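Taking the numbering used here, the leading residue of the sequence shown gets 2, the next gets one more, and so forth.
Ideal placement from N, C-alpha and C gives every residue a C-beta, glycine not left out.
Model, not experiment: these values are computed from the prediction.
Structure record follows, encoded as structure tokens.
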Amino acid sequence: MISNKIESPNQSIMPISATINDQNHLCLGGIDSSKLIEEFGSPLWVMCEESIMQSAAAVKEGLSAYPNALPCYAGKAFLCLAMVKLIEQSGFGLDVVSDGELFTALQANFPTERIFFHGNNKSDKELAMALSSGVKIVVDSSSELEALISLAKSESKNSEILLRIIPGIELDTHDHIKTGHDTSKFGIPLSELDDVIAKILQQDRVKLIGLHAHIGSQAMDLGPYLESVDLFADLYQNIQKKFNLTLPHLDVGGGLGIAYTSGDKPLSMQNWARVVSERVKSSFASRDLPLPELSVEPGRAIVGSAGVTLYKSGHLKQLPGGKNYLAVDGGMADNPRPITYQAQYTAAVANRMKPENPGKSWSIVGRYCESGDIIVEEATLDVRNGDLIAIFATGAYNYSMSSNYNRTGRPACVLVKNGQAEVIIERETCADLVSHDRIASWLK
Ligand SMILES: Cc1ncc(COP(=O)(O)O)c(C=O)c1O
2 MISNKIESPN QSIMPISATI NDQNHLCLGG IDSSKLIEEF GSPLWVMCEE SIMQSAAAVK
62 EGLSAYPNAL PCYAGKAFLC LAMVKLIEQS GFGLDVVSDG ELFTALQANF PTERIFFHGN
122 NKSDKELAMA LSSGVKIVVD SSSELEALIS LAKSESKNSE ILLRIIPGIE LDTHDHIKTG
182 HDTSKFGIPL SELDDVIAKI LQQDRVKLIG LHAHIGSQAM DLGPYLESVD LFADLYQNIQ
242 KKFNLTLPHL DVGGGLGIAY TSGDKPLSMQ NWARVVSERV KSSFASRDLP LPELSVEPGR
302 AIVGSAGVTL YKSGHLKQLP GGKNYLAVDG GMADNPRPIT YQAQYTAAVA NRMKPENPGK
362 SWSIVGRYCE SGDIIVEEAT LDVRNGDLIA IFATGAYNYS MSSNYNRTGR PACVLVKNGQ
422 AEVIIERETC ADLVSHDRIA SWLK
């Protein structure tokens, strides 16, 4: 259900396969949401495969005029075995940030030459896993580099690395998802870069292939990206002059924003990728530098609008004084973004998409023991007990940031496509919740 103003899925609050059937029900991937709940239970994460693949295609289209591009998907947004398979099919590379994400990728046989291992505090165990699996490592500090060099020596292993830098670029976004500013916890200060490169050139097991920076997330304008590209071109030129080293790869990070509410006007993925890659071409050409293989690393923009969370509405509460609460059977444990970033979302009554009566203003709240467990502060809805509530654009940083708060099991996640729906993440049961519990012997 994409209007003609929409160039790429991230600009639409709903997945591209969202429709309304003649029962006035929301359909996802051609399936009535009521049927999805009947079959798979609630709450339920629903991921639209078409949106994911069209988002990946939109990035590739934007990069089509760049000679050698390798767009990567940032797994931290949403990762499971099925998602790894989709990313492999899309031809993207994969950005992982933990042994768990890397393990997931390896379990799904993702090509290791297209995996980049990020993270600001990788353990020795993770570095060893990265070395033995042959993935590329994005080094975040000079102390990490030392650890890696000594591990590579002791394990007689070689590794290709990028260096994450602190570009000192301020992105207009929530403080918690700003990552490129001067005091960022991520990356190597520019003042240390030459020393770090000199250290790398003193040995031959760890090979530097490029630089990386990620300026932040939910970005709505291009300016900071163009600034970072120009900075990279200067740095690549300096490195060539100082170390006679031409770096073959450049990773400008991710961060492209999506629409969560009608007020959000994100860039299209085609436009973002096109303008950024064009800038790399012009900046590097103006410095007589060969064009590096270029990676952009969107996460949210690939999966965000592909996801919808379906909840069953529970008890409606209308307080004297006019405060109305609509409680649903999920909340902050499956979607921690409102309580973490004051994130806004769009809601609808999935079994009555076109309201029959003028709605009332409701606060959609979760079932968790936190007053902050509010999914949508104010939504005007024509809602009744037992209705199905759809929250849109929950594909990114929901499942991946979810928890078992109040000892609740995580919902199931289904992938939908052309009338088909399959579980890609099983619902957690109460038995799952105690499966890691152990009773100390002296308590038996
Ligand atoms: C290194 C890196 N790349 C890419 C991303 C993806 O960001 P987004 O999901 O906003 O595109 C992140 C997010 O934190 C990141 O840290």
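Where residue i and residue j are concerned, what is the direct C-alpha to C-alpha distance, given to the nearest angstrom?
i: Ser56; j: Tyr67; result: 18 Å
i: Ala394; j: Ser314; result: 19 Å
i: Asp141; j: Gly254; result: 14 Å
i: Val384; j: Gly331; result: 17 Å
i: Gly323; j: Tyr261; result: 26 Å
i: Ser287; j: Lys243; result: 18 Å
i: Asp33; j: Ile116; result: 37 Å
i: Ser403; j: Leu107; result: 23 Å
i: Ile425; j: Arg411; result: 13 Å
i: His250; j: Tyr342; result: 33 Å
i: Glu51; j: Asn358; result: 33 Å
i: Ser35; j: Ala75; result: 31 Å
i: Val276; j: Phe187; result: 25 Å
i: Val47; j: Cys414; result: 6 Å
i: Ser263; j: Asp173; result: 19 Å
i: Pro291; j: Gln238; result: 10 Å
i: His177; j: Ala344; result: 12 Å
i: Asp335; j: Leu29; result: 20 Å
i: Met84; j: Cys370; result: 32 Å
i: Gly256; j: Ile440; result: 44 Å
i: Leu87; j: Val304; result: 11 Å
Give the secondary structure of residue i by DSSP, where H, G and I count as helix, E and B as strand, and everything else as coil.
i: Thr1; result: With the chain running from 2 to 445 in the structure shown, residue 1 is simply not present.
i: Ser364; result: strand
i: Asn272; result: helix
i: Cys73; result: strand
i: Asp141; result: coil
i: Gly396; result: coil
i: Cys431; result: helix
i: Glu228; result: helix
i: Lys243; result: helix
i: Ser442; result: helix
i: Gln343; result: coil
i: Gln421; result: strand
i: Gly63; result: helix
i: Lys324; result: coil
i: Ser372; result: coil
i: His177; result: helix
i: Arg353; result: coil
i: Glu114; result: helix
i: Leu311; result: strand
i: Arg385; result: coil
i: Gly94; result: strand
i: Gly255; result: coil
Residue i: buried (16+ other C-beta within 10 angstroms of its C-beta) or exposed?
i: Pro139; result: The sequence as given places Val at residue 139; Pro does not occur at that position. Classification of Val139: buried, given that the 10 Å Cβ count is 16 or more.
i: Arg408; result: exposed
i: Ile14; result: buried
i: Val207; result: buried
i: Ala199; result: exposed
i: Ala351; result: buried
i: Glu387; result: Inspection of the sequence shows that residue 387 is occupied by Gly rather than by Glu. Per the 10 Å Cβ criterion, exposed.
i: Lys258; result: Strictly speaking, residue 258 in this sequence is Gly, with Lys absent from that position. With 16 or more other Cβ atoms within 10 Å, it is buried.
i: Thr180; result: buried
i: Ala397; result: buried
i: Gln204; result: exposed
i: Thr381; result: exposed
i: Phe93; result: buried
i: Thr430; result: exposed
For residue i, I'd like the list of residues in its chain whose CB is within less than 8 Å of its CB, leaving aside the five on either flank, ordered along the chain.
i: Ile38; result: Leu45, Leu311, Lys313, Leu389
i: Met128; result: It should be noted that the sequence gives Leu, not Met, for residue 128. The residues are Ile138, Glu145, Ala148, Leu149, Leu152.
i: Arg280; result: Tyr226, Leu227, Val230, Asp231
Keeping to the same chain, check which residues put their C-beta closer than 7 Å to that of residue i; ignore five residues upstream and five downstream.
i: Val60; result: Pro72, Met270, Ala274, Val297, Pro299
i: Gly367; result: Val329, Gly331, Gly332, Met333, Asp374, Ile376
i: Leu132; result: Leu152, Ala153, Glu156, Lys158, Ser160
i: Leu434; result: Asn405, Arg408, Gly410
i: Ser9; result: Ser56, Ala59, Ser269, Met270, Gln271
i: Gly224; result: none
i: Val197; result: Ser143, Leu146, Leu164, Ile189
Can you round the beta-carbon distance between residue i and residue j to whole angstroms, since I take them to be within the 8 Å contact cut?
i: Ile81; j: Val417; result: Per the sequence presented here, residue 81 reads as Cys, with Ile not at that position. So it is not a contact: roughly 15 Å between Cβ atoms.
i: Gly171; j: His182; result: For the sequence presented, residue 171 should be read as Glu rather than Gly. Sure, about 5 Å apart at Cβ, within 8 Å.
i: Ile189; j: Ile210; result: So it is not a contact: roughly 15 Å between Cβ atoms.
i: Glu294; j: Asn69; result: 5 Å
i: Ser134; j: Leu103; result: 7 Å
i: Trp363; j: Asn399; result: Not really, about 21 Å apart at Cβ, beyond 8 Å.
i: Asn11; j: Ser278; result: With a Cβ gap of about 17 Å, Asn11 and Ser278 do not count as contacting.
i: Val98; j: Lys126; result: Not really, about 14 Å apart at Cβ, beyond 8 Å.
Beta-carbon within less than 6 Å of residue i's beta-carbon, same chain only, minus the 5 sequence neighbours each way: which residues are those?
i: Ala234; result: Ser284, Phe285, Arg288
i: Gln241; result: Thr247
i: Gly169; result: Asp183
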